[in-house]
Amino acid sequence: MSKKTLDNATETGHIHVGKGLSEGTLGVVGSTVIGLASTAPLYSLAATLGYVILAVGAQAPLVFIVACIPMVFAAFAYQELNREMPDCGTTFVWGAKAFGPITGWIGGWSVAVASVMVLANVGEITGKYFWLLLGNQEFADNRTIVIVTSVIFMAIMTFVSTVGVQIGERLQMVLMTIQIVAMALFGGLALVNALNGSNPGSVDFDWNWFNPAQLTSWSGFIEAVLLALFIYWGWDTCLALNEETKNPRKTPGRAALSSIAVLIVLYVGISIAVMMFAGFGDTGFGLTNAKNLDDVFTVLGGALFGPWGWFLLLGVMLSAASSTQTTILPTARGTLSMAVYRALPAKFAELHPKFKTPWFSTTVMGAAAIVYYVGMSILSEDMLADSLTSMGLAVALYYSITSFACVWYFRDTLRSSARNLWMRGIFPALGGLLLGYAFVQSAIDMISVDYSYTVIFGVGGAFVIGVGAILIGFVFMGLWWIRPNSKAYFRGESLNRDTPVLVPDE
């Protein structure tokens, strides 16, 4: 998108062109698959279930349902804003239009920060499980080999993202199919083995697992909800690809809600089956056994799959690999949009002449994730773990910005109908408040040195990394602010409430 095109659009108030992305590529199914892939459901549940049960015991299924609620409310905000402004900049554009350039810029930065942090983690999982799948435990335990392997996978997925969304969609269809099959088989086998009594520690299903009155600790409940909240993160990738869908005003919102619906069924259903089979003991297969916490599925996979245990390892590896590719996509399109509206250097808006993808933004995001991952790995493996924990702060921040932006942007229409009041006002406001609370509570919890693996400046390393990453955004924003090319954005000239967004006509 050239500077001249943007000037003409802004001056005339009329635009009939997009940013040059490949239009009409994705349908509802493809968008939903990409939204699901971004959450890495198989790995996310495997890495979270044990810790949730440790915090609330048998009420884990209840926690997964409660954690879904603010995500659904936020998804309504995304849906409404996208219908009005289907721009791939999502939070950046909507935040700027509702609250001004600073809020918009920090919203865009938070999306990038969360993505880079999670890319480092899923890249690591891909590299480690690649060697586990090959049966090479020695290589899987060798940090240098895992880091090199992970970097190769991250580079490959960056290339796939550059080649095009359509190829990425086809790849994700294959990866997601394998992942869902692995999850379904795992849940089904866990249920069968729970019912036939093959594990002495198995327990019977109990409807009290959904009973809030059975909760014994409010702090434990909040801890578990915060843990579960962020395993839903990633569905908003559907919205960042809005300009490349067949119906940009409706398809992304439907795909986002569909993704969340599929996730809640998977998370609740499989957690129940696993709880019934493994039980809650702290020995053997028990879900509170310290040896099982980091990856419940792999621990139980050998008992449930037998000689086919490799298929579960394949599922976990592909879960992380698919998330690597789909996490790069929204970040690259967010920075593309920021560059188009002059919130970043124009180079970020360049598209590949053949593939119609933001090749420079994609390459920078992939490279940034690799540098971050390698740097954190060199400093400390514990610091890398803390950076993943701290990612939740950036996620909660930009979801909150989007939710409140919906309420404020549509404030004049809230009383025009009951639908507008609920869908544009009450639900998004509740989502913003709940996610804002998650941000504050998470930050408070992270201050404790007991919360993190590392201690930095006398407080928890997760707090320093998470808050520090957001604050660094203000530094970068200030550096861009002093550049002459940024004036149009920060004066509210290139993007304001009345600026027509640069999106294709339907």
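All residue numbers for the sequence shown refer to my numbering, where the first residue is 42 and numbers rise by one. Cβ atoms here follow ideal geometry from the backbone N, Cα and C, with glycine treated the same way.
In this structure, F114 keeps its C-beta atom at 9 Å or more from the C-beta atom of Y308. Contact between the stretch 458 to 471 and the stretch 293 to 309 is absent: fewer than three C-beta pairs spanning the two stretches fall below 8 Å. In terms of Cα proximity to I488, the closest of G466, W463, G533, D427 is D427.
If you draw a straight line from the Cα of I263 to the Cα of L392, it is about 44 Å long. Note on geometry: alpha-carbon atoms of W250 and A269 lie some 16 Å from one another. For T286, the beta-bridge partners assigned by DSSP are L67. Annotated three-state conformation of V490 is coil, per DSSP.
A99 and F321 do touch by the CB rule: their CB atoms are close to 7 Å apart, below 8 Å. Spatial neighbours of S156 in its own chain (CB-CB distance under 8 Å, excluding positions within 5 residues in sequence) are listed in chain order as T368, I369, P371, T372, M406, A410. Of the candidates S258, A116, A223, the residue whose Cα lies closest to the Cα of Y439 is A116. Secondary structure within the stretch 355 to 433: the alpha helix (DSSP H) runs of 4 or more consecutive residues, fully enclosed, are 400 to 420 (chain order). Taking each of G130, S418, A78 in turn and checking the Cα distance to F389, the smallest one comes out for G130. As far as DSSP is concerned, I106 takes part in no beta bridge.
Residue state for G501 is assigned as strand, using DSSP reduced to three classes.
Taking the Cβ atoms as the reference, I188 lies roughly 6 Å from V415, within the contact range of under 8 Å. Setting aside the 5 residues that flank it on each side, M214 is surrounded in the same chain by G71, V74, each with a C-beta closer than 8 Å to its C-beta; the list follows chain order.
According to the DSSP assignment, F194 belongs to the alpha helix (DSSP H) that extends over 184 to 204. By the Cβ-count criterion, D277 is buried, with 16 or more other Cβ atoms from all chains shown falling within 10 Å of its own Cβ. Note on the stretch 234 to 298: whole alpha helix (DSSP H) runs with a minimum of 4 residues are 259 to 270, 278 to 281, in chain order. Shown here, V542 sits in coil according to DSSP, grouped into three states, outside any helix or strand.
The beta carbon of R295 is closer than 7 Å to those of V69 in its chain, skipping five residues each way along the sequence. Pairwise C-beta distances place the stretch 345 to 365 out of contact with the stretch 118 to 137, as fewer than three of them are shorter than 8 Å. Three or more pairs of CB atoms, one per stretch, sit closer than 8 Å, so the stretch 504 to 518 contacts the stretch 139 to 157. The beta carbon of G477 is closer than 6 Å to those of S441 in its chain, skipping five residues each way along the sequence. Taking the CA atoms as reference points, S527 sits about 7 Å from L385.
Residue pairing for V496: DSSP places it in a beta bridge opposite G501. For M158, the uninterrupted alpha helix (DSSP H) run begins and ends at 142 to 174, by DSSP.
Assigned with DSSP and collapsed to three states, N330 falls in coil, not helix or strand. Between M317 and L256, the C-beta gap is not smaller than 9 Å, which leaves the two residues out of contact. Residues A231 of the same chain have their beta carbon placed closer than 6 Å to that of V315, with the five preceding and five following residues left out of the count. As the crow flies, the alpha-carbon of V505 is around 9 Å from that of V496.
Minimum Cα-Cα distance from L345 among the listed residues A223, V303, G502 corresponds to A223. Nearest to G514 by alpha-carbon distance, out of V93, V152, P111, G141, is V152. If you draw a straight line from the Cα of W259 to the Cα of G91, it comes to about 18 Å. F171 and F140 have their C-alpha atoms some 45 Å from each other. Taking a C-beta distance under 9 Å as the contact criterion, G356 and N240 do not qualify as a contact pair.
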